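*Asks:* In my numbering, the protein residues as written are 1217 to 1591.
We put the beta carbon where it would ideally sit given N, CA and C, even for glycine.
Every value quoted in this text rests on a predicted model; they were computed, and no experiment measured them.
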Ligand code: G3I
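1) Going by alpha carbons, who is nearest to residue 1501 out of 1471, 1457, 1489, 1466?
2) Given a cut-off of 8 Å on the beta-carbon distance, is the pair residue 1593 and residue 1433 in contact?
3) Can you find a CB in chain D that lies within less than 8 Å of the CB of residue 1425?
4) Jot down the residue ranges of each uninterrupted beta strand (DSSP E) in the segment 1491-1540, minimum 3 residues, whole runs only, in chain order.
5) In whole angstroms, give me the CA-to-CA distance for residue 1408 and residue 1455.
6) Between residue 1269 and residue 1583, what straight-line distance do the alpha-carbon atoms span, to the nearest angstrom?
7) Exposed or buried, residue 1467, counting other C-beta atoms within 10 Å across all chains shown (16 or more means buried)?
8) Just how far apart, CA to CA, sit residue 1377 and residue 1507?
9) Relative to the alpha-carbon of residue 1492, which residue among 1457, 1345, 1512 has its alpha-carbon at the smallest distance?
10) Between the C-alpha atoms of residue 1464 and residue 1427, what's the straight-line distance to the nearest angstrom?
11) Using 8 Å as the threshold, is the C-beta distance between residue 1384 and residue 1330 below it?
12) Assign residue 1411 to one of two classes, buried (16 or more other C-beta atoms within 10 Å of its C-beta) or exposed (fewer than that).
13) Where does residue 1355 fall in DSSP's three states?
14) Please report the straight-line C-alpha distance between residue 1578 and residue 1274, rounded to a whole angstrom.
15) Of the residues 1322, 1363, 1570, 1545, which one's Cα is nearest the Cα of residue 1514?
16) Between which two residues does the beta strand (DSSP E) carrying residue 1388 extend?
17) Please state the DSSP three-state secondary structure of residue 1574.
18) Between residue 1580 and residue 1512, what straight-line distance do the alpha-carbon atoms span, to the nearest angstrom?
19) If we ignore side chains and look at the alpha-carbon of each, how far apart do residue 1358 and residue 1316 end up?
20) Got a sec? Which residues, its chain only, sit under 6 Å from residue 1390 by beta carbon, not counting five neighbours each side?
21) Shortest alpha-carbon distance to residue 1586 belongs to which of 1446, 1532, 1382, 1498?
22) How about residue 1319: is its Cβ closer than 7 Å to a heavy atom in the ligand G3I?
23) From this set, 1528, 1517, 1544, 1522, which residue's C-alpha is nearest residue 1490's C-alpha?
24) Do residue 1511 and the ligand G3I come close, with the Cβ less than 7 Å from some heavy atom?
25) Here's the rule: buried if 16 or more other CB atoms are within 10 angstroms of the residue's CB, otherwise exposed. What is residue 1563?
26) Cα-Cα, which of 1348, 1285, 1336, 1436 is closest to residue 1388?
27) According to DSSP, simplified to helix, strand and coil, what is residue 1363?
28) What distance in whole Å lies between the Cβ atoms of residue 1285 and residue 1303, which are believed to be in contact at a cut-off of 8 Å?
29) Work out the CA separation of residue 1522 and residue 1497 for me, nearest whole Å.
30) Does the Cβ of residue 1242 have 16 or more other Cβ atoms within 10 Å, making it buried, or fewer, making it exposed?
31) How would you write the range of the beta strand (DSSP E) that residue 1479 sits in, first residue to last?
32) Exposed or buried, which one is residue 1591 when buried takes at least 16 other CB atoms within 10 Å?
33) Under a Cβ-count criterion, where at least 16 other Cβ atoms within 10 Å of its own Cβ denotes burial, should residue 1436 be classed as buried or exposed?
34) Using CA coordinates, which residue listed in 1405, 1485, 1293, 1354 is at the minimum distance from residue 1380?
35) Kindly indicate which residue of 1396, 1422, 1392, 1451 has the alpha-carbon position closest to the one of residue 1404.
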């Protein structure tokens, strides 16, 4: 069939419009390095990560070969809204920590009233995708509902509330949650016990009681003490060590210590100090897990590419320390991509602390973990 000049121009016009529309759709989200406040909630154009590492295997397969878990903290709102978020989670991670869905105020907003639906969704997703769940968190001084904090409880009444909470939450997920952060952030920066509703009303033995109740509620779950800035050696990690040593010596059922590892390229703890800290905890018979890792790159004068390489090195070193330890069961990042990190909104400034960028593309930190897992 002979194509007239008019038809040819029409075809070129349609193709041209198509190219422009495609380019507009592929435009990535706002860079966190330029503008922190504008988060694009649009799904990224690419739904699968292009893996270019040597073996081509995702992180979770390499971690499994090494006998450890690679995890991500997951937010129920992102999980519900974004299919690409769910795909990336299932593709790369074999452990999931609910970032907020299992916190006291979320689960137990009124006396005797529990809202389990978000937590249930995450636990079911993990089960459907052969992922372990790391439960977070049973006893913390933050994220408590008003009904709990605004009343002047007796020691006995507050013990009863906490025991009921632990039994109800752990009982619901008994057999489905491998490990729990039982007590979170009970130690202050200088090593003293943090003042909280728990320590002030029940007394310092709220920690021991929580572990004992948790063990009763699910005897098979691993029970963790979890904290931040206690990764290397220093006053805080010494205090955490003394705390868990005392629990172990008195046969309190604690299985391990979570080292959160919220850090930055400027002040990441020295790998040899983290290794020494893990060693002394392992020597007590306790497991260790890196539970909430992210590495801030804000506030450093170097060009972005160099900062991302420095960030990759912190991830690589931390994974290498975990792999070399006698009993380090995994590494979890606090979020999946830079689009989802708690840091920009908490500190009110831009940052890019995770393994994937805002368009869900793997960063140097991702490839550093691939290398560490598959040297
Ligand atoms: O979802 C609501 C939203 O509906 C509302 O409009 C908005 C208004 O502020 O708040 C939203 O909830 C916020 C939630 O994050 C989700 O963005 C809460 O206010 C905010 O307090 C909450 O912050 C969480 C924080 O813990 C406190 O629970 C962060 O996401 C979470 O990353 C952070 O995680 C902690 C770990 O649990 C313990 N270790 C430190 C780590 C970082 O702080």
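*Replies:* According to the structure data:
1) In the chain shown, the residue the question calls residue 1501 occupies position 285. Among 1471, 1457, 1489, 1466, the Cα nearest to that of residue 1501 is on 1471.
2) Given a span of 1217 to 1591 for the chain in the structure shown, any question on residue 1593 remains unanswerable.
3) Reference to chain D is not applicable here, since this structure consists of a single protein chain.
4) 1503-1512
5) If you number the chain shown from 1, residue 1408 lands on position 192. If you number the chain shown from 1, residue 1455 lands on position 239. Between residue 1408 and residue 1455, the C-alpha separation is close to 7 Å.
6) Position 53 of the chain shown holds residue 1269. Position 367 of the chain shown holds residue 1583. A caution first: residue 1269 carries a pLDDT of 47, below 50, which makes its placement in the model too unreliable to give a value.
7) In the chain shown, residue 1467 corresponds to position 251, counting from 1. Flag for residue 1467 reads exposed.
8) As a first step, residue 1377 must be located in the chain shown, where it is residue number 161. As a first step, residue 1507 must be located in the chain shown, where it is residue number 291. Answer to the nearest angstrom: the Cα atoms are 27 Å apart.
9) By 1-based counting over the chain shown, the position of residue 1492 is 276. The candidate whose alpha carbon is nearest that of residue 1492 is 1457.
10) As a first step, residue 1464 must be located in the chain shown, where it is residue number 248. As a first step, residue 1427 must be located in the chain shown, where it is residue number 211. Spanning the two alpha carbons is a distance of roughly 11 Å.
11) Looking up residue 1384 in the chain shown gives position 168. Looking up residue 1330 in the chain shown gives position 114. For residue 1384 and residue 1330, yes; Cβs fall inside 8 Å.
12) If you number the chain shown from 1, residue 1411 lands on position 195. Its Cβ having fewer than 16 others within 10 Å, residue 1411 is exposed.
13) What you label residue 1355 is simply residue 139 of the chain shown in a count that begins at 1. Note: residue 1355 maps to strand in three-state DSSP.
14) Against the chain shown, residue 1578 aligns to sequence position 362. Against the chain shown, residue 1274 aligns to sequence position 58. Rounded to the nearest angstrom, the two C-alpha atoms are 11 Å apart.
15) Here the question's residue 1514 lines up with position 298 in the chain shown. Comparing Cα positions, the closest option is 1570.
16) Translated into the one-based positions of the chain shown, residue 1388 becomes position 172. From DSSP, residue 1388 is part of no beta strand (DSSP E) but of the alpha helix (DSSP H) over 1371-1388.
17) Residue 1574 sits at position 358 when you count from the first residue of the chain shown. When DSSP states are grouped into helix, strand and coil, residue 1574 belongs to the coil group.
18) Residue mapping note: residue 1580 aligns to position 364 of the chain shown, counting from 1. Residue mapping note: residue 1512 aligns to position 296 of the chain shown, counting from 1. The alpha-carbon atoms of residue 1580 and residue 1512 are separated by roughly 14 Å.
19) Position 142 of the chain shown, counting from 1, holds the residue named residue 1358. Position 100 of the chain shown, counting from 1, holds the residue named residue 1316. If I take the Cα positions, the gap works out to 11 Å.
20) Taking the chain shown and counting its residues from 1, the one referred to as residue 1390 is at position 174. 1434.
21) The residue given as residue 1586 occupies position 370 in the chain shown. The shortest Cα separation from residue 1586 among 1446, 1532, 1382, 1498 belongs to 1532.
22) Here the question's residue 1319 lines up with position 103 in the chain shown. At least one heavy atom of the ligand G3I is nearer than 7 Å to the Cβ of residue 1319, so yes.
23) Here the question's residue 1490 lines up with position 274 in the chain shown. It is 1544 whose Cα lies nearest to the Cα of residue 1490.
24) Walking along the chain shown from the start, residue 1511 turns up at place 295. No, the Cβ of residue 1511 stays beyond 7 Å of every heavy atom of the ligand G3I.
25) Indexing the chain shown from 1 puts residue 1563 at position 347. Flag for residue 1563 reads exposed.
26) Taking the first residue of the chain shown as 1, we reach residue 1388 at position 172. Of 1348, 1285, 1336, 1436, the residue nearest in Cα terms is 1336.
27) Start at 1 with the first residue of the chain shown, and residue 1363 comes out as number 147. Reduced to three states, the DSSP call for residue 1363 is helix.
28) Your numbering for residue 1303 matches position 87 in the chain shown. Your numbering for residue 1285 matches position 69 in the chain shown. The Cβ separation is near 19 Å, so there is no contact.
29) The sequence position of residue 1497 within the chain shown is 281, counting from 1. The sequence position of residue 1522 within the chain shown is 306, counting from 1. Roughly 34 Å separates the two Cα atoms.
30) Counting from 1 along the chain shown, the entry for residue 1242 is found at position 26. For residue 1242, the pLDDT reaches just 37, beneath the cut-off of 50, and the residue's location in the model is therefore unreliable, although a value from the coordinates is still provided. Exposed: under 16 other Cβ atoms inside 10 Å.
31) What you label residue 1479 is simply residue 263 of the chain shown in a count that begins at 1. Element bounds for residue 1479: 1478-1480.
32) If you number the chain shown from 1, residue 1591 lands on position 375. The residue is exposed, with fewer than 16 neighbouring Cβ atoms inside 10 Å.
33) Working through the chain shown from its first residue, we reach residue 1436 at position 220. With fewer than 16 other Cβ atoms within 10 Å, it is exposed.
34) Position 164 of the chain shown, counting from 1, holds the residue named residue 1380. Comparing Cα-Cα distances from residue 1380 to each of 1405, 1485, 1293, 1354, the minimum goes to 1354.
35) As a first step, residue 1404 must be located in the chain shown, where it is residue number 188. Answer by Cα proximity: 1451.
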